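See structure below.
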Amino acid sequence: MAFETGEWTIPKDNLLRMCFLISVFELLRSLYFSFISVSVMISHTNSYTIIAFLSTVAWILTVVGLFVGLLKDRPTLLVFWLLFSGFATVTNVIFLIWNVSSSPVFDEIHFKHWTILYLGIFYECTCLYLVFRYFKRLYSYCLLEGGNYDFASEGSNEDYNRDAATKTISTTSNTNTSENIPEGY
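FYI, the numbering for the sequence shown is 1 to 185, going by the numbering used here.
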């Protein structure tokens, strides 16, 4: 876990470090795009700018979900970010294909634009891959430990602590022998 007794410690796991770095970059990108959408919305208010602003708010919330999911080991929040970012990446691929196929000419300006879009898609796919690898490892730990760290499936008021001692299972047999058979049996 990344927090211990109220102070920040750097995780020793390189994959977890990369996922935290991804969440920081994603938060910076989402805040940058939210400021751009607010400035465009102030100068030209229409339904498209309002939708763009609401999309950036949703993006910021998913990045916060990613950060909290990494911090608190919650696979549900990681899945939430993976689905949102996967949908956004597929949308970017569709926009790139549409932009290339609808372009009347192939010149240097279009090539630079397409290259930037392609590099953004490559970055997003790399982020998706790394977070998905961490999710698979985290989810397999959840299954092995028998605990469930998801908010949706917490049915009791008990607070399951991942670092607590595990309950041991008794291996003694309850077979009936001549000594422990009740009378009249």
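Backbone N, C-alpha and C fix where the C-beta goes; we use that ideal spot for every residue, glycine too. Here the structure is a predicted model, which is why all the values come from computation and not from measurement.
query, result
"Do Tyr123 and Leu96 have their C-beta atoms closer together than 9 Å?", "no"
"Considering Ser34, what are the terminal residues of the alpha helix (DSSP H) in which it resides?", "Asn14 to Ser43"
"Can you tell me whether Ser203 is helix, strand or coil according to DSSP?", "What is shown of the chain runs 1 to 185, which leaves residue 203 out entirely."
"Going straight from the alpha carbon of Thr49 to that of Asp73, what length do you get?", "35 Å"
"Assign Trp59 to buried or exposed, taking buried as 16 or more other Cβ atoms, counted over all protein chains shown, within 10 Å of its Cβ.", "buried"
"Excluding the five sequence neighbours on either side, which residues of its own chain have a C-beta within less than 7 Å of the C-beta of Ser103, listed in chain order?", "His110"
"In this structure, does DSSP put Pro11 in helix, strand or coil?", "coil"
"Count the other C-beta atoms from every protein chain shown that fall within 10 angstroms of the C-beta of Trp98, then say buried if there are 16 or more, exposed otherwise.", "exposed"
"Since Leu77 and Leu66 are thought to touch, with beta carbons under 8 Å apart, how far apart are those beta carbons, to the nearest angstrom?", "7 Å"
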